[in-house]
Every structure is written in C-alpha cells, then in structure tokens.
Amino acid sequence: MNLATLEKKIKKLLKKDLDKETIEEMRFFLIKEKDLGDYSTNLLFLLQNKYSSDKINQIIEKIKNHFYQNFSSIERVNNYLNFKLNDYTLIKILRQKYKTIFSKKNFSSLKKNKSRSFKINIDYVSANPTGPLTLANARGAALGDVLANILKLYGHKVTKEYYVNDRGTQIELLGKTILAHWGKISFEDNFYQGYYLKEIAEKLKNKTNLDKPQKIGKIASDYILKNYIKPTLRKFGTFHDFFFFESELYQKGLKEKILKKLKRENMLEEREGAVYLLLTKLGEEKDEVLIRSNGEPTYFFSDLLYHYYKFFIRKFKIVILIVGADHLNEVRRLKQALKIFKIRNYQFQYILMQFVHLKKGEEQLKMSKRKGVFITLDELINLVKADIVRFFFLQKSPEITIEFDLSLAQKQSEENPYWYVQYAHARLCSVLEKAKKMKLSWLKVNPQKIAFDLLKIEEVKEIIRDIAKFEDVINIANKDYRVNILIEYIIGLCKKIHSFYEKEKIIPDKNKLAFTDFLIAFLRFYFLILGIKPIKRI
RNA sequence: GUCCCCAUAGCUUAAAGGAAGAGCGCAGCCCUGCGGAGGCUGAAGUGGAGGUUCAAUUCCUCCUGGGGACACCA
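Numbering follows our numbering, with no gaps: position 118 of the first sequence is 113.
What follows is the structure in structure tokens.
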C-alpha cells in the first residue's frame, strides 16, 4: 500500500458517494511529522462545506472499514484524515523492497505494468566540443544521470545522449584559433583563448596539412571530445550511451526533406536571401532564420533536424532535454516548431537549470569558454571528490542559481551531507565485518522473518516506515523531475540509521545483524540510483 | 523595455495549495557498545503590500533586491 495505490483505491471506493469535482480535487500526501501518521488527505476539507457532518462521518467510517487491514489508525486530526501504516503492511512493503533490491536487472523491477514503457531519449551535458567541461556541466551531468536511472526504474527504455556540435561557426572559429597557433594567420580578439588550445595545436601539428578552418576545427573538436571531455565524464561517473554528431544531420538529405515538408505546410518564407521559419504563425513573437543568406544553416535548424531525426527516424517517443537557463527561448521555440510535425507537449520536455556562478571569496569570476575563464570540471574533481560534487548539485533543485565559492570548496566538501550518508553505510559495514570476525552468522535477509521481532524497536520501526515510502518518493521525483527530494529522503533515512546504531547494540543479535545486512543492500541500491559509490571505510 | 528564474534560521537549502523539514554553525548533555565524520536536547526562519482559498513558502497583482534571455552566434 503506497500513496498512489491508496489514492486510487479511495477514489474508486467513494466514486458513488461524492461528486466528480471532489474526486478530482482530492489529494494525498506524505506526512512530515511522524507522530501524525504516514499518509494524509485533504478530503475532509473538501467535504466540510458541501456535506452534512453525518454524511462526512459516514464516509470516514466507510474508509476505516475498507482499510482497517492496512492501517493501525485512520484518524481525523484538525480536519486532515491521517493514515498510519500497521506492522503487517510495513512488512509486506519491506518484502517487496527486498525483491526489488536483490533483483537489480537494470533497475526495471519497480513497475510491473510494462504497457506504459516508452522509448526515451535524454540529452544532457552536450557541451560544445571547443574546450574542457566546466563546473556548470557537472550540474547537468548529475541531474541527467539520476533522471535516467529513475526512468529506467519505471521500465522505460532510456538512451542517454550527448549532442556534439561539431560544425558551424564555432568550429570554424576553433579551426582559425588553431591556425593562429600554427602561425598561419594572425590572432583576432574573438578567438578561443584557453590555455589548452596551445597544447592541442601542438599535438595536431604533424597530423594535418589542411588549412580550411572548418576542417581543422572538426579535427580539433574530435580531439577535444576524446581527450578532454570523455575522460572527464568517465571520472565524474557519467556514461552516455550515445554521442550524436551534428555533422551527421547534413549527410543524409535530411535538410532538403525537412525544407520540403515545411514548404508544403506553408511555414517558410524567403527574405533578403535568408530562409525563415514562420513561427509567428504559431504564436511566437518572431520568425526564426533556418538558412542564412550565405547558405549556412543556423543552429536552430540543426536542432530542428536533430529532433526530427530523434522522433521520426530513431523513433523515440519522448525526448528530454536538460539545458542551461540561457536556452529557454531556444528550447521553447523549438517545442513550438516541433508542433508542425505533430509532436505533442508531453513528447518534448525540457528541464532548465539556472546558472552555476563561480566566485572566489568576494570576487565574482565570469566564466567564459571563449575567453578561457572558467574552472574545468577536471580541476575541480582533483580538488574535491567527484561524488561530493555530484551530491552537492543533486541536493539543489534546478531552478535555483548556485554560487559556487572556490575558496570554500574544501570546506563545502568536508561539511557536505555526503559524508553523513556515507558514514551511515560505512558504520553498518564495519559492524558486519566485526560480526564476521567473531564467526557470527545470521540469516540471509528475509524481512518477513525478522521484522516482527524488530518492529518492537522504535528506531527500527522508523527506518522501516521510511523504507516503505521509497516508492512514493521515487514517484514524486519522477513526476516533476525533482531529483533533489531523493537527497532529502536519504539524509532523513540515514539520520534514523545513525540513531538506531547509537541506541541498539547490534552484535550479537542475529535479527539485528540480518536487518543491518538488508540496510546495507538498500543503501547500495539507492546509491546506485544517485550514481554514488558506497564507501565501506571512511 | 519585454520575457524567464530566485528571495525561507547566522550560512547552504527542502517542502504535488495541506500541519515550515534538514545539513553546517551555535549552547548544553552522552563514549567499558560494534567508527565521536555519531546520538540526544535547545535557541533561531517564509523580503514588503494587497488578493484568491477551509488552508498560501507555494497561485494572482504590485513593490524591492539578485541572476539570466531577447542575432542571418551557438
């Protein structure tokens, strides 16, 4: 019995007793204050002005009678209706979790209903291959990884994708920069200024005799992707399934095909030699240039082709984009444009992350890849463990602007709740270690067998109540793509684990040892979702 | 100028319109028991003015203060 099930069942139960509006407005939510219970609903608030108190009491009775097996109490408090899970239900849920955790085939064991399983493409990081990854890219990486895991948990087929902009103006500029380093042309102000370019120019010197900037840029970008970006991603623990190259879009006649389609829809117009997409017809403020007057396609056009390719050739049902807030306009207009191809709202979703600002004490550092002012992700994770950086970003919801203080990086790393969570895991591990040395044995965890005894212990019961809500929390995280609540949850759970450890002597009680074993498995499973490596010894 | 995001405890932050929750820091207490990077107790909070609602940190309007976007750049 989780929150979603309770909601579904109660709505069904009361369908004939209540009006449609009330059924629709009924909400169920987790209770934060543990003494009040586990689940609550706004039902009684909705009823108070519509129905007589007799009728209301009748409905409460009906609910109580129907659910007495699952809850130890169903109580009306301040007009909330609060449900408290009973031991029987807790154990039942525990048994399900037990199965989920130990059958970890690609996470896909949470949902039995495979009919709502979609082919999903999630596109994240996708930084231009003109330089190393920055601190800001890590935010997207952490978010994307966890989101992909959650979607997998729901049984979706997920492709984690990195879109590589390996052509166009920026690549040409990159090429020119390399040429300048070779001394073939003179430097200009807008060239890339990062220190790494000198290095790359040196490396590529013997490999090519080309002098077309676009081609050299492409070679340099491949080099950067392979030697700077990919190794950093690996180090950070982010593994994309697929790297898609923008240049590929222009090799298959796709461009002509799309232009033809758009023309047929009367969505194109030529002005002063440029081809415009008439987004104003779709309610946008301005039209969008697809082909510039010099014949070059714009970035927006590439994006349009790319998404057509994703939806209609690679057959993804849903595409999720994780991008920085500066892409808001772009991505919103793209969504509009995709409607021309009958892509529906739910099929194209985007998550906007606000910026990560870098500062050093009081000094604001303006990050700019072109000017070469930024801290690379690589430098950062040499300073601070990758998983701590990951934890740091996951903790914060995407819509807040983050000020990252470099001079506090070390401090932030030490004070990070990451340690609090890892410490809970490490402590439990060390207890089992010790028990093993003492040649103690315990049943390989079977929650059903051990739980009835253990539920008498207050701390254990609180832990199990938390674990029972695992699925509810995943549901919430999935619904609005708010992964930060996963961090809230694990901190709360670890608080209870610490408390359990502090108050209960685990060795040599076999039940407690078995429970400890289970907790370790649960934490590891959870860490897997977060993309964090569990530590046995700190 | 138009649009988007943000403002919660000393700091970093969380809250599907539902009973403001954490971490760090601060004050006090707790190691013969397995890790004190811990436990327990406490002080401390929704920027301002209206509105909608049984109920507003959450939605609406305005104000103030921060960040970002508004190219034939990507």
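The beta-carbon is built from N, C-alpha and C at its ideal position, and this holds for glycine as well. If you're wondering where the values come from, they're calculated on a predicted model, not measured in any experiment.
Given residue i as reference, the closest of the options once Cα atoms are compared
| i | options | result |
| --- | --- | --- |
| Leu389 | Leu1, Arg328, Ala472 | Ala472 |
| Tyr34 | Lys15, Phe78, Ile55 | Phe78 |
| Lys114 | Pro127, Lys92, Thr154 | Thr154 |
| Asn185 | Glu194, Glu167, Gly139, Lys179 | Glu167 |
| Phe517 | Glu19, Leu9, Asp49, Arg90 | Arg90 |
| Lys505 | Asp467, Ala421, Leu449, Ile458 | Leu449 |
| Glu409 | Leu169, Gln246, Leu378 | Leu378 |
| Leu534 | Leu244, Glu267, Glu325, Asp373 | Summary: the structure shown does not reach residue 534, with the chain confined to residues -4 through 533, and so no result is reported for it. |
| Leu353 | Leu375, Lys334, Phe343 | Leu375 |
| Lys258 | Glu291, Tyr271, Arg287, Gly487 | Tyr271 |
| Asn123 | Lys213, Arg519, Met(-4) | Lys213 |
| Tyr521 | Leu148, Lys207, Gln53, Leu263 | Leu148 |
| Gly356 | Ser402, Leu372, Ile397, Pro127 | Ser402 |
| Lys50 | Leu9, Ile383, Gly32 | Leu9 |
Straight-line Cα distance separating residue j from residue i
| i | j | result |
| --- | --- | --- |
| Lys276 | Leu76 | 50 Å |
| Asn289 | Lys281 | 21 Å |
| Ile480 | Ser392 | 9 Å |
| Ile527 | Asn204 | 45 Å |
| Glu394 | Leu525 | 19 Å |
| Ser297 | Lys255 | 15 Å |
| Lys59 | Ile69 | 6 Å |
| Ile492 | Ile224 | 38 Å |
| Phe495 | Tyr341 | 44 Å |
| Tyr93 | Thr0 | 19 Å |
| Gly139 | Leu220 | 19 Å |
| Tyr484 | Leu25 | 12 Å |
| Glu267 | Glu283 | 14 Å |
| Gln359 | Phe399 | 10 Å |
| Leu85 | Lys27 | 18 Å |
| Thr534 | Phe306 | Nothing can be reported for residue 534: it is not among the residues displayed for the chain, which extend from -4 to 533. |
| Val547 | His322 | An answer regarding residue 547 cannot be provided, because it is not within the stretch -4 to 533 covered by the chain. |
| Tyr294 | Arg111 | 34 Å |
Beta-carbon contacts of residue i that lie in its chain and below 7 Å, excluding the five residues immediately before and after
| i | result |
| --- | --- |
| Glu489 | Note that residue 489 corresponds to Cys in the displayed sequence, not to Glu. Excluding residues within five positions, the ones whose Cβ falls inside 7 Å are Tyr415, Val416, Ala419. |
| Phe182 | Ala175 |
| Ala381 | Lys230, Phe231, Gly232 |
| Thr172 | Phe186, Tyr187, Leu192 |
| Lys444 | Leu438 |
| Asn81 | Asn65, Phe66, Ser67 |
| Phe40 | Asn74 |
| Glu454 | Lys491, Ser494, Phe495, Lys498, Glu499 |
| Ala215 | Leu169, Gly170, Ile173, Ile195, Leu199 |
| Ala320 | Leu347, Met348, Gln349, Phe350 |
| Phe465 | Lys92 |
Backbone secondary structure at residue i - three-state DSSP
| i | result |
| --- | --- |
| Ile323 | First, the residue type needs correcting, since residue 323 is Leu and not Ile in the sequence shown. Helix, per DSSP. |
| Ile18 | helix |
| Asp282 | coil |
| Phe231 | helix |
| Lys155 | strand |
| Ala269 | strand |
| Arg519 | helix |
| Phe510 | helix |
| Gln43 | coil |
| Thr396 | coil |
| Asp184 | coil |
| Ile166 | helix |
| Val379 | coil |
| Ile533 | coil |
| Lys92 | helix |
| Phe495 | helix |
| Arg71 | strand |
| Phe311 | coil |
| Pro292 | strand |
| Val120 | coil |
| Phe23 | strand |
Residues near residue i by beta carbon distance below 8 Å, same chain, minus five either side
| i | result |
| --- | --- |
| Trp601 | It is not possible to answer for residue 601, since the shown part of the chain is limited to -4 through 533. |
| Tyr218 | Ile195, Lys198, Leu199 |
| Leu427 | Leu508, Thr511, Asp512, Ile515 |
| Lys29 | Glu457, Arg460 |
| Gln331 | Leu274, Leu277, Gly278, Glu279 |
| Met262 | Leu272, Leu273, Lys276, Ile335 |
Contacts around residue i, its chain only, beta-carbon distance under 6 Å, and the 5 residues preceding and following it disregarded
| i | result |
| --- | --- |
| Met21 | Leu38 |
| Pro503 | Leu435 |
| Glu2 | Phe23 |
Report yes or no: do three or more beta-carbon pairs, one from the region 234 to 254 and one from the region 296 to 310, lie closer than 8 Å?
yes
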